Structures are given as structure tokens and as C-alpha cells.
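Report on one structure; see the data block that follows.
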Amino acid sequence: MNVAIARYGAGNVRSVELAVQRLGATVTADLETADLAILPGVGSARSCMDGLGSSADVLRERHAAGRPILGICLGLQLALEESEEDGGVAGLGIVPGRAVRLRGERVPRIGWATVEPLAPPTAARSSGRAAAALPPSLPATGDAYWFAHSYAADSPATVATSEGHSAIVRHGSFTGVQFHPEKSGAAGARFLAQCLSRV
Amino acid sequence: MPLPRLIPCLDVAGGRVVKGVRFQGLRDVGDPVELGAAYSDGGADELVFLDISATVDAQVSAVDVAARVAEQVTIPFTFGGGIRSLEDATALLEAGADKIGVNSAALARPALIEELARSLGSQAVVVAIDTENGRVRSHAATRDAARDTLEWAKECEQRGAGELLVTSIDRDGTQDGYDLEQLAALRDAVSLPVIASGGAGNAGHIAAALAVSQAALLASILHENPARLVTLRDELRALGVELRDAA
Numbered sequence: 000m001n002v003a004i005a006r007y008g009a010g011n012v013r014s015v016e017l018a019v020q021r022l023g024a025t026v027t028a029d030l031e032t033a034d035l036a037i038l039p040g041v042g043s044a045r046s047c048m049d050g051l052g053s054s055a056d057v058l059r060e061r062h063a064a065g066r067p068i069l070g071i072c073l074g075l076q077l078a079l080e081e082s083e084e085d086g087g088v089a090g091l092g093i094v095p096g097r098a099v100r101l102r103g104e105r106v107p108r109i110g111w112a113t114v115e116p117l118a119p120p121t122a123a124r125s126s127g128r129a130a131a132a133l134p135p136s137l138p139a140t141g142d143a144y145w146f147a148h149s150y151a152a153d154s155p156a157t158v159a160t161s162e163g164h165s166a167i168v169r170h171g172s173f174t175g176v177q178f179h180p181e182k183s184g185a186a187g188a189r190f191l192a193q194c195l196s197r198v
Numbered sequence: 000m001p002l003p004r005l006i007p008c009l010d011v012a013g014g015r016v017v018k019g020v021r022f023q024g025l026r027d028v029g030d031p032v033e034l035g036a037a038y039s040d041g042g043a044d045e046l047v048f049l050d051i052s053a054t055v056d057a058q059v060s061a062v063d064v065a066a067r068v069a070e071q072v073t074i075p076f077t078f079g080g081g082i083r084s085l086e087d088a089t090a091l092l093e094a095g096a097d098k099i100g101v102n103s104a105a106l107a108r109p110a111l112i113e114e115l116a117r118s119l120g121s122q123a124v125v126v127a128i129d130t131e132n133g134r135v136r137s138h139a140a141t142r143d144a145a146r147d148t149l150e151w152a153k154e155c156e157q158r159g160a161g162e163l164l165v166t167s168i169d170r171d172g173t174q175d176g177y178d179l180e181q182l183a184a185l186r187d188a189v190s191l192p193v194i195a196s197g198g199a200g201n202a203g204h205i206a207a208a209l210a211v212s213q214a215a216l217l218a219s220i221l222h223e224n225p226a227r228l229v230t231l232r233d234e235l236r237a238l239g240v241e242l243r244d245a246a
């Protein structure tokens, strides 16, 4: 099992690398050919998008070819068409929707929260090319995951929510999680193990 | 809102966890990785490491400690102490820390908060505020920072801080209960998450703090008995506080 992690200045690359290595995966540099590509992401949308450089096209091609990609936190948001962060930033556009600022509670939204699947009809609508998709055959009900974000996806590809916010999106071979499985203790490790077992 | 959080705080100097009263008479109480992992196993929601060495004779850098912790601990952790620049902060996050904490450096140069937030994202930037009688203190609470606590909290929010870690100096180490009045005033003054610190002596104190803030820092109450975290969580649940099931 080879996993490539997009390196573009995002803060959580090391944690993601450690998490997948703990599960027995080998981390490689090749985003194009790895069994799974991970788009991590901590930081600001603009600086991360700028830092992605040529990896942006590699990820678009990978998605077009139906090969699995996992986006984490800002990595999920960068996969969308755009983000309203930093005055508006164009995303990779491999998942429909946009990242919008959280409203009506303490922001950033930081802490542990559970994730609930949406009713199947909505979920099914977005899973056009489900063959190569990663879970969600969702996390065990009741598990809490670590969230730390000020923006969330507003996307028809949302398949699970957390306290009303988009928590997992899935579109073709891309799965994005707003939470940080690499920092979510035992529950996060179970989720990542599921992801690795599907590729 | 996400679940209320319990955050053990470990003071680190020279690569070891130390304990002392008001930075005097420090003694070695263990390895940061082992203690951090033990707290994680005991149900901690996060960890805070506070580097109190910040001196030239420190044999082990904070970045090395952060890197070792990240290898073994799979819950989020914050590293604070001695961070003066974006470079310092970036190195800690790249080593695997999730957030950095700044205190005196932000008071000395508030624009540091903006620089950190712009590059690292607000969610990674914790501003620690030491407060006494509604006024901010700096340099391990040894100096008056000539600022009103609520005004400084609002300024931190405007400049892009992601969380405030607020320690009531007159409660710190007393185990007499958190300064609930101050915490309630902060809750109303800012819309950031607030981590309450200073004064935890029993589960009732912590439950009261969690009713007005989003997280409670646990220091003295755990230092003599780290296993207390497990019983505290049970006691808090019995008091009706909904905590994460860490299993």
C-alpha cells in the first residue's frame, strides 16, 4: 500500500504521514501513481492553493481517472470550486460547491464532535462513480472526531454532517473529511484504516 | 458546539516534564512523550506543552519534543513558550504540533498574532492571557502588561487569534476553583473558544468552568496524580457534563 501526501506547505503533513505509517502504509512522493493520494491541509486557502503548483493538475487528472484521493480539512475545501476565505480563492474544482465561513457559533469551531450520515437519497445523488470511492460506509455511530475549522463545504456532494456542518463529501473518487482523522485518536485510526482498506 | 474539552498541561524544560511552584524549585517528573501518551490513554481531549525553560542551557529544543510527541500521541496538542516568530511557530507545526501558544511575544508585538494567523490559520493560534483583577500580566505573570484583560482579548480576536487560554493568576495552583466571573465576562466579550485555566481543585470546579467556557486546562490537579484524569471524567459525567468517549 503506497500513499502519497501532497506537500505544499500545509501544516499537518507530518501528522498525516505518521498516521498512515502506523497503519502499515508506505509513504511515497508520487501523487500520480500512489494507491491513495492524500491532500492534507492546515493553513489558509490562498497560501495553500498557491503552494500546490503543478500538483493541482496531477490531482485533477487523478480524479478524472477515478483514482482515490482523500482530502483532509482544508484539503477538502481546496477540492471545491472556490472558497470565500481570503476574499475568494479558486479551488481545484474537482468537487461541486464552495467553502463558506461558519456562522452563528464560536469560530473557529474547535473540538471533538460526532458525524452523522445524511439520508441515503441525498448521498446517492453525488456518488456517480462510486467504484473507486473511499468510505463513508461511515464511521461507527457515536465516534467523535477532531475538528478545527472556520470554513466548511456548502456542497451537493456532502454525505455526512457534524452539528449541521458538512463533515464528509464524496464525489467520484474523491472523499473529503472536514475533521482530522490523523488527530482523532482511536476513532480516527479506524477511519483511516477503512480508507486504506478500500484502495 | 463541539464537546467540552479537558486539557492536561505539561510544563517542559530541557526536554523533560518538570514541576515546580511558580517556576521555583523545578523537579523532573518524567518524559513528555510517556506522560502525554498516558494522559491520552486516560481520555484527555488535547494536551498543552508549555516550554518553561526558554533559556540558553536547554539541551533539547521544543521542536524535538514536539516531534517525539507527535510520533506517539494521536490527539491534538499545543506547544507554547518562547515562540517569538512565524519561523518558530512553523517549525513546531511541521514537527506535528496542532497549535502554538503565544503570550508575552504577542503582548510585545501584537502584529505577531496576525502574521501567525495569516500563514498558519487562526485555528492554530492560541493566545495565552495571564490575568489578575481584570488586568493582563506578562513574562510568566511577573510584570504588569498595562492592558485590560477584556480589551486585550478583543484585540487578539480582531487580529486573528483562534483561541484564548486564560489563566487567572490569583487562582493558579490554589485548587480553589476557576474565576467564573472573569470567564463569563470573556465569553460575552469575544466569540472565540476560551480555555479556562487556574484553580481546578475538583470535578465541580471544572463543571462550573465548562458551563461558561469551551475547555478546561488541568495542571496542579493532575500533577501529583495523572491517573486522576480518569476518575475526573467519570465524576464530570455524573455531574451531567457530556464528554467524548475516547475508546
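Protein sequence lines, in the order shown, are assigned to chains A and B.
Residues in the first sequence are numbered from 0 upward in steps of one, following numbering that gives the first Met the number 0.
Residues in the second sequence are numbered from 0 upward in steps of one, following numbering that gives the first Met the number 0.
Each residue gets a CB set at the ideal place from its N, CA and C atoms; glycine is no exception.
Bear in mind that the values here come from a model prediction, so they are computed numbers and not experimental data.
Please state whether the Cβ-Cβ distance between residue 178/B and residue 159/B is less than 8 Å.
Going by C-beta atoms, residue 178/B is not nearer than 8 Å to residue 159/B.
Determine, for residue 141/A, whether the minimum Cβ-Cβ distance to residues of chain B falls below 8 Å.
The C-beta of residue 141/A comes closer than 8 Å to at least one C-beta of chain B.
Helix, strand or coil for residue 38/B per DSSP?
helix
Bridge partners for residue 147/B per DSSP, in chain order?
134/B
Could you tell me which chain B residues have their CB closer than 7 Å to the CB of residue 218/A, listed as they occur along the chain?
Any question about residue 218/A goes unanswered here, given that chain A covers just 0 to 198.
Buried or exposed, going by whether 16 or more other CB atoms sit within 10 Å of the CB of residue 230/B?
exposed
Just reading off the beta strand (DSSP E) that residue 100/A is part of, what are its end residues?
Element bounds for residue 100/A: 97-100.
In whole angstroms, what separates the C-alpha of residue 201/B from that of residue 96/B?
29 Å
Is residue 173/B buried or exposed, if buried means 16 or more other CB atoms sit within 10 Å of its CB?
Here residue 173/B is exposed. Its C-beta has fewer than 16 other C-beta atoms within 10 Å.
Tell me, which residues are paired with residue 27/A by DSSP?
Looking at the DSSP assignment, residue 27/A forms a beta bridge with 3/A.
Within-8 Å CB hit, residue 177/A to chain B:
No, residue 177/A does not count as interfacial toward chain B.
Cβ separation of residue 33/A and residue 2/A, assumed to be a contact under 8 Å, to the nearest whole Å:
6 Å
Looking only at its own chain, which residues have a Cβ that is under 6 Å from the Cβ of residue 70/A, when we skip the five neighbours before and after it?
38, 78 and 175
Taking three-plus beta-carbon pairs below 8 Å as touching, is the segment 128-147 of chain B in contact with the segment 88-104 of chain B?
yes
Please report whether the beta-carbon of residue 185/A lies at a distance below 8 Å from any beta-carbon of chain B.
yes
Hey, does residue 60/A have any beta-carbon neighbour from chain B nearer than 8 Å?
For residue 60/A, the answer is no, since every Cβ of chain B falls outside 8 Å of its Cβ.
Is any beta-carbon of chain A found at less than 8 Å from that of residue 77/B?
no
In the DSSP assignment, the alpha helix (DSSP H) including residue 103/B goes from what residue to what residue?
DSSP places residue 103/B inside the alpha helix (DSSP H), whose first and last residues are 103-107.
Determine the burial state of residue 77/B: buried for a count of at least 16 other Cβ atoms within 10 Å of its Cβ, exposed for fewer.
buried
On a CA-only basis, which of 40/B, 124/B, 167/B and 213/B is nearest residue 137/B? Give me that one, please.
If you compare the alpha carbons of 40/B, 124/B, 167/B and 213/B with that of residue 137/B, the shortest gap goes to 167/B.
Given that residue 185/B touches chain A, what residues does it touch there, using C-beta distances under 8 Å?
Chain A residues near residue 185/B: none, gap ~12 Å exceeds 8 Å.
Beta carbon proximity, residue 237/B to chain A, threshold 8 Å:
no
Do you know offhand how far residue 202/A's Cα is from residue 218/B's?
Summary: the structure shown does not reach residue 202/A, with chain A confined to residues 0 through 198, and so no result is reported for it.
How would you write the range of the beta strand (DSSP E) that residue 167/A sits in, first residue to last?
164-170
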